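The opening residue of the sequence shown carries number 1 in full-length UniProt numbering; numbering runs sequentially from there.
Notes to accompany the following structure.
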Amino acid sequence: MIDTVVVAPRGPAGSPGTGVSWPSIIAGAIAACAMTLVLLAFGTGLGLSAISPWAGSGVSATTFKITTGLYLIVIAMISSSIGGYLAGRLRTAWEGVHADEVYFRDTAHGFIAWALASVLGAAVLASPATSLIGGTAAGASQGAVTSAAQSSGPMDGYVDTILRGDPAAQNANPAEARGEVVRLFTRSFRNGGELKGPDRDYTVKVVAARTGLSQQDAEKRVNEVVTQIKADIDAARKATASLAFWITASLLLGAFCASLAATEGGGLRDGTWKRRR
Numbered sequence: 001m002i003d004t005v006v007v008a009p010r011g012p013a014g015s016p017g018t019g020v021s022w023p024s025i026i027a028g029a030i031a032a033c034a035m036t037l038v039l040l041a042f043g044t045g046l047g048l049s050a051i052s053p054w055a056g057s058g059v060s061a062t063t064f065k066i067t068t069g070l071y072l073i074v075i076a077m078i079s080s081s082i083g084g085y086l087a088g089r090l091r092t093a094w095e096g097v098h099a100d101e102v103y104f105r106d107t108a109h110g111f112i113a114w115a116l117a118s119v120l121g122a123a124v125l126a127s128p129a130t131s132l133i134g135g136t137a138a139g140a141s142q143g144a145v146t147s148a149a150q151s152s153g154p155m156d157g158y159v160d161t162i163l164r165g166d167p168a169a170q171n172a173n174p175a176e177a178r179g180e181v182v183r184l185f186t187r188s189f190r191n192g193g194e195l196k197g198p199d200r201d202y203t204v205k206v207v208a209a210r211t212g213l214s215q216q217d218a219e220k221r222v223n224e225v226v227t228q229i230k231a232d233i234d235a236a237r238k239a240t241a242s243l244a245f246w247i248t249a250s251l252l253l254g255a256f257c258a259s260l261a262a263t264e265g266g267g268l269r270d271g272t273w274k275r276r277r
């Protein structure tokens with residue numbers, strides 16, 4: 001009788017049977033996050049040195065937006081390539097695995113390292129955003145308790161424009177009127193709407209009483225400021241959409257670069273890089 005012995009392929013050392021080397025993936029992800037922070041800090045310095053509040057100085061807003069988007073792509077490509085390369089190069093060797101399977105696993109290592117780095121980066125950025133939102137909510141609650149004249153919000157500038165009039169003009173409760181108009185504007189434009197008929201008529205009356213303008217002039221001023229608010233909201237919407245598209249492009253290119261770099265790193269480690277090309 002002849003006994004047949006089947007020898008199964010061995011996986012990575014210390015983790016038989018698995019095709020994922022988590023230590024190398026984690027190392028690559030951490031390296032990618034660190035490089036992203038370095039490049040972001042460097043880009044922030046370049047951006048602050050390129051813009052200027054003075055007319056005719058610094059780059060234009062359009063140039064700045066395009067440059068920022070391109071720089072986000074460069075950051076994603078560099079950091080993802082470094083993280084993916086480390087994830088592929090630092091992995092343990094696979095013995096008895098077909099070359100095509102090795103190629104797939106290397107690509108998967110780079111992709112997983114990119115995904116982990118993206119999740120870690122999102123978590124790091126979520127903490128400051130949460131603090132900012134919490135601080136804003138706390139400020140809003142405090143403003144509701146204190147005098148409306150002491151509150152500060154994004155609509156205060158528009159209300160200042162509406163209520164700007166003759167310093168000699170008097171109002172029985174100027175702080176109360178101002179706070180009411182601020183709340184009215186905030187509520188009306190919060191969801192991209194505008195002042196409704198009754199709210200607009202009331203605002204016109206408040207402006208006329210506060211500034212000493214005629215009803216027609218007060219209504220004209222309200223319409224001008226409402227138009228300005230809508231234009232600013234639309235500009236912010238377009239800027240946010242543009243930034244979202246740039247971030248999406250950078251993430252996709254980052255995933256590609258990480259996967260490709262991982263195959264290069266794995267091939268260099270195993271000595272098969274030249275045979276793949």
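The beta carbon of each residue, even a glycine, is placed where N, CA and C say it ideally should be.
Since the model is a prediction, treat every value here as computed from it, not as a measurement.
Test item: CB-CB of residue i and residue j under 8 Å
i, j, result
"Arg221", "Pro174", "no"
"Leu195", "Thr203", "yes"
"Ala31", "Leu86", "yes"
"Ala113", "Asp270", "no"
"Ser21", "Phe111", "no"
"Ile25", "Leu116", "yes"
"Leu40", "Ile75", "yes"
"Asp199", "Leu184", "yes"
"residue 281", "Cys33", "Examination of residue 281 is not possible in this model, given that the chain is present from 1 through 277 alone."
"Thr68", "Gly47", "yes"
"Gly84", "Gly28", "yes"
"Ala218", "Ala208", "yes"
"Val182", "Val206", "no"
"Ser118", "Leu251", "yes"
"Thr272", "Ala123", "no"
"Phe64", "Ile51", "yes"
Secondary structure of residue i, DSSP reduced to three states
i, result
"Met155", "coil"
"Leu213", "coil"
"Gly96", "coil"
"Ser21", "coil"
"Thr62", "helix"
"Gly271", "coil"
"Lys220", "helix"
"Glu194", "coil"
"Leu90", "coil"
"Ile229", "helix"
"Glu264", "helix"
"Ile51", "coil"
"Thr130", "Note that Thr130 scores a pLDDT of 47, beneath 50, so its modelled location is shaky; the value from the coordinates is reported in the next line. Here Thr130 sits in helix by DSSP."
Local Cβ density within 10 Å of residue i, reported as buried at 16 or more and exposed below that
i, result
"Met1", "Only weak support is given to the placement of Met1: the predicted model assigns it a pLDDT of 48, under 50, and the value that follows is read from those uncertain coordinates. Answer is exposed; the Cβ neighbour count stays below 16."
"Arg237", "exposed"
"Val225", "buried"
"Ser188", "buried"
"Gly197", "exposed"
"Thr36", "buried"
"Arg190", "exposed"
"Ala177", "buried"
**OP:** Tell me, please, whether the region 238-255 touches the region 72-90 by the rule of three or more beta-carbon pairs shorter than 8 Å.
**Re:** Yes: the two stretches touch, three or more of their Cβ pairs being nearer than 8 Å.
Subject >> Inter-stretch contact at 8 Å, needing at least 3 Cβ pairs: the region 105-113 / the region 263-271 >> reply: Counting Cβ pairs under 8 Å, three or more are found: they touch.
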